[in-house]
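Peer 1:
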């Protein structure tokens, strides 16, 4: 029997994996954006938890607006409102991060240190935008955070949202390794059991 291939890379999600950015970050930022734009909505934990079944903040927002009687009925107007809210949300998220409102999940820094010590490269594959990542990571991991991650794939790089494997495939290509030499870990959708998946899911 041949030996299992050596692990060469770990591909991580951001929201809910490296930090609790959904409940304590994006949800709060959306609520601040609603208030700033004089909109009548506020998302509690339960509401936002249900919305997380839709991947991507903008797409999540569109899904929510489609079910609101006080949202625009015309699709193009709804999309314009969603873009305005999402833009303001990103600004609020950056401000929240700068205020120290988000911390790494327990054990994350140790995991990154152990990967570095063992020569396992770490990549990020996320549906969040690059601006959010650039705002968040210096506060989570310090000014040298780019040295901790061998590759990063953001929403701008992979327009097809998870569970589509596009983000993982791009990460593998940037790392220059095959799927069997990597493990991907992400936060599952609500009501799904936690799992670690191969880097190139079916």
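Numbering (the working numbering), first residue to last: 10 to 211. Backbone N, C-alpha and C define an ideal beta-carbon position, used for all residues, glycine too. Keep in mind it's a predicted model, so treat the numbers as computed, not measured.
Using a threshold of 8 Å, is the CB atom of residue 185 nearer than that to any non-hydrogen atom of the ligand NAP?
Peer 2: Inclusion of the ligand NAP in the displayed structure is not the case, the ligand content being empty and no account of it being possible.
Peer 1: Using the Cα positions of residue 22 and residue 184, report the straight-line distance between them to the nearest angstrom.
Peer 2: For the purposes of this step, residue 22 is taken as the residue at position 13 of the chain shown. For the purposes of this step, residue 184 is taken as the residue at position 175 of the chain shown. Using only the alpha carbons, I get a separation of about 16 Å.
Peer 1: Three or more C-beta pairs closer than 8 Å, one from the stretch 111-120 and one from the stretch 147-163: is that the case here?
Peer 2: With a cut-off of 8 Å, the stretch 147-163 and the stretch 111-120 count as touching, because enough Cβ pairs lie within range.
Peer 1: Would DSSP call residue 155 helix, strand or coil?
Peer 2: Locating residue 155 in the chain shown gives position 146, counting from the first residue. Residue 155: helix per DSSP, three-state reduction.
Peer 1: Could you check the C-alpha separation between residue 60 and residue 171 for me, to the nearest Å?
Peer 2: Sequence index remark: in the chain shown, residue 60 carries index 51 (1-based). Sequence index remark: in the chain shown, residue 171 carries index 162 (1-based). When rounded, the distance between both Cα atoms is 14 Å.
Peer 1: By the DSSP assignment, the beta strand (DSSP E) with residue 72 in it spans what residues?
Peer 2: In the chain shown, counting from the first residue as 1, residue 72 sits at position 63. Careful: residue 72 lies outside any beta strand (DSSP E), inside the alpha helix (DSSP H) at 66-75.
Peer 1: From the DSSP secondary-structure annotation, give me the bridge partner or partners of residue 161.
Peer 2: In the chain shown, the residue the question calls residue 161 occupies position 152. Per DSSP, 133.
Peer 1: Contact between the stretch 153-167 and the stretch 123-133 is defined here as three or more beta-carbon pairs at a separation below 8 Å; is this criterion met?
Peer 2: Segments in contact, yes.
Peer 1: Counting Cβ pairs closer than 8 Å, one from the stretch 24-43 and one from the stretch 99-106, do we hit at least three?
Peer 2: The stretch 24-43, when compared against the stretch 99-106, does touch it at the 8 Å Cβ threshold.
Peer 1: Classify residue 174 as buried or exposed, calling it buried when 16 or more other Cβ atoms lie within 10 Å of its own Cβ.
Peer 2: As a position in the chain shown, residue 174 is number 165, starting the count at 1. With 16 or more Cβ atoms within 10 Å of its Cβ, residue 174 is classed as buried.
Peer 1: Roughly how many angstroms lie between the CA atoms of residue 19 and residue 186, to the nearest whole one?
Peer 2: Numbered from its first residue, the chain shown carries residue 19 at position 10. Numbered from its first residue, the chain shown carries residue 186 at position 177. Taking the straight line joining both Cα atoms gives about 11 Å.
Peer 1: Extract the residue ranges of the alpha helix (DSSP H) inside the stretch 40-67, only unbroken runs of 4 or more that lie entirely within it.
Peer 2: Here the runs fully enclosed are 54-60.
Peer 1: Under three-state DSSP, which class holds residue 78?
Peer 2: Residue 78 sits at position 69 when you count from the first residue of the chain shown. In the structure shown, residue 78 sits in coil (DSSP, three-state: anything other than H, G, I, E or B).
Peer 1: Once the 5 residues before and after residue 166 are set aside, which same chain residues still bring their CB inside 7 Å of it?
Peer 2: The count along the chain shown starts at 1 and reaches residue 166 at position 157. Cβ neighbours of residue 166 beyond the five flanking positions: 179.
Peer 1: Let's test the definition: count the other Cβ atoms within 10 Å of the Cβ of residue 97 and tell me whether it reaches 16, buried, or not, exposed.
Peer 2: The sequence position of residue 97 within the chain shown is 88, counting from 1. Classification of residue 97: buried, given that the 10 Å Cβ count is 16 or more.
Peer 1: Buried or exposed: where does residue 111 fall if 16 or more other Cβ atoms within 10 Å of its Cβ makes it buried?
Peer 2: Translated into the one-based positions of the chain shown, residue 111 becomes position 102. Label assigned to residue 111: buried.
Peer 1: Is residue 195 near residue 85, with beta carbons less than 9 Å apart?
Peer 2: Indexing the chain shown from 1 puts residue 195 at position 186. Indexing the chain shown from 1 puts residue 85 at position 76. No.
Peer 1: Between the alpha carbons of residue 62 and residue 125, how many angstroms are there, rounded?
Peer 2: Residue numbering aside, residue 62 sits at position 53 when the chain shown is read from its first letter. Residue numbering aside, residue 125 sits at position 116 when the chain shown is read from its first letter. In a straight line, the C-alpha of residue 62 is about 33 Å away from that of residue 125.
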